[in-house]
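Enquirer:
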Amino acid sequence: MGSNDGGELGICVIGGNRYFGRRLISRLLRSGHRVTVVNRGSSRPPAGATHLLADRDDEDSLNAALASRTFDVVIDQVCYTPRQAEIARRVFGPRTRRYVMTSTVEVYEHEHSPLPVREEAVDPRTVPVDTTLPWDVPDFLDAHYGEGKRQAEAVFARDPALSYVAVRVAHVLGGDDDFTGRVDHYARRIRSGEPVRVPVGNQPATYVYVEEIADFLAWTAVQDFTGPVNAHSHGPLTTSDICAAIETEVGGKAVFHEVEDGETSPFSFTRSYGMDNSRAEGLGFTFRHTSDWLARAVAETVHATQDGKGER
């Protein structure tokens, strides 16, 4: 596959104000691209980006904010439902030649495979779409996160005129701005000796460093491949691997408690659906191994929460 990495592009990022989205915007700007960020204005993008205020759930608001603007690439960081995807397809489809949706490993949440899962395990062209479900109810959306992403992918995949990519992002680690609280969940339990609840038969999973996924998305923006692509570092991690790195930073020892049902700690899984990144690497991107960055990633987040800097 060829690429368009030789020149300046007009790139629109929807959302992307924090975490790896903010890193992505900074990389695009450093590469000389003209970057437009569309969001509701909760925070400003990095200096150098054009900032448009609009609610992505409001089609009229988007059309008004964009006016006659067109883009070489759109990178959608905050598409969670088929309703949002349908609005985006109608509004941005005529305005761009390439649409990159940030998706998730959770599209594979129903898989349970002894081998790494390849993209064809979930073909978005065959996923049923139901926009009548209560996608605007937060509890429903949280409980159906993977399904929302699957259906959003399906909306883009079924538009024959739209050149789209769905980047299926692994679980992300690292950064002093990790807002998820997942690493802090373990750090607090390790310090206090409180048990870490994991399912019986806890499975490993695939992960990616926050800086690496920003690199991958910036790289994807200037390529011309289409369809789903898995994005993760080599080397699956277990809950024990992550806790061992946290133990080094905070002292103490993780105490694991296996449970048959009920709530478990983050980064613990009853199913094995770690991804296969061979498509991405075959297209030309080289991922690192988790052993190259795990200690650093955990240290960044733990120190930030200790100092009161990390968002929760």
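Per the working numbering, the very first residue in the sequence shown carries number 7; after that it's consecutive. We treat Cβ as the ideally placed atom computed from N, Cα and C, and that holds for glycine. All of these numbers come straight from a predicted model, not from anything done at the bench.
My output table needs one value for Gly13: the three-state DSSP class, helix, strand or coil.
Expert: coil
Enquirer: For the beta strand (DSSP E) holding Asp82, just list the boundary residues, first then last.
Expert: Segment Val79 to Asp82, the beta strand (DSSP E) holding Asp82.
Enquirer: Would you mind stating whether Val308 and Ile252 have Cβ atoms separated by less than 9 Å?
Expert: yes
Enquirer: Just how far apart, CA to CA, sit Ser271 and Val178?
Expert: 16 Å
Enquirer: Rounded to whole angstroms, what's the CA-CA distance from Gly27 to Leu223? Just pull it up for me.
Expert: 9 Å
Enquirer: Can you give me the C-alpha to C-alpha distance between Asp230 and Arg104, rounded to a whole angstrom?
Expert: 8 Å
Enquirer: Any idea what DSSP makes of Ser109, helix, strand or coil?
Expert: strand
Enquirer: Could you check what DSSP says for Cys85 in three-state terms: helix, strand or coil?
Expert: coil
Enquirer: Where does the unbroken beta strand (DSSP E) through Ala60 begin, and where does it stop?
Expert: Ala60 -> no beta strand (DSSP E), and no H or E assigned at all.
Enquirer: Taking DSSP as the reference, what is the three-state secondary structure of Thr102?
Expert: Of the three classes helix, strand and coil, the one that applies to Thr102 here is strand, per DSSP.
Enquirer: Around the C-beta of Ala176, are 16 or more other C-beta atoms found within 10 angstroms, so that it is buried, or is it exposed?
Expert: buried
Enquirer: Counting only the same chain and skipping the five closest in sequence on each side, list residues whose C-beta sits under 7 Å from that of Val261.
Expert: So the list reads Gly199, Pro201 and Val202, once near-sequence residues are dropped.
Enquirer: If you compare alpha carbons, which of Gln83, Arg124 and Glu117 is closest to Met107?
Expert: Gln83
Enquirer: Would you check whether the ligand COA has a heavy atom nearer than 8 Å to the C-beta of Tyr25?
Expert: What this structure holds is no ligand at all, so the ligand COA is not there to describe.
Enquirer: Can you tell me whether Gly8 is buried or exposed? The criterion is at least 16 other CB atoms within 10 Å of its CB, across all chains shown.
Expert: Any reading at Gly8 needs caution, since the residue's pLDDT is 34, under 50, leaving its predicted position unreliable; the model's value is listed next. Its Cβ having fewer than 16 others within 10 Å, Gly8 is exposed.
Enquirer: Is the stretch 80–97 touching the stretch 19–33, taking contact as three or more C-beta pairs under 8 Å?
Expert: yes
Enquirer: Return the chain-ordered list of same chain residues with a C-beta closer than 7 Å to the C-beta of Arg188, the five sequence neighbours on each side being excluded.
Expert: Non-local C-beta neighbours of Arg188 in its own chain, meaning closer than 7 Å and more than five positions away in sequence, comprise Pro272 and Phe273, ordered along the chain.
Enquirer: If contacts are defined as beta-carbon pairs under 8 Å, then Pro242 and Ala286 qualify, I think. What distance do you get, rounded to the angstrom?
Expert: About 16 Å separates the two Cβ atoms, so there is no contact after all.
Enquirer: Apply the 10 Å Cβ neighbour rule to Ala73 and answer buried if 16 or more other Cβ atoms are within range, or exposed otherwise.
Expert: Around the beta carbon of Ala73, fewer than 16 other beta carbons lie within 10 angstroms, which makes this residue exposed.
Enquirer: Of all the beta strand (DSSP E) runs that stay within the bounds of the stretch 213–247, which reach a length of 3 or more residues?
Expert: Taking only runs of at least 3 residues, the beta strand (DSSP E) segments lying wholly in the stretch 213–247 are 213–215 and 233–237.
Enquirer: Asp184: buried (16+ other C-beta within 10 angstroms of its C-beta) or exposed?
Expert: buried
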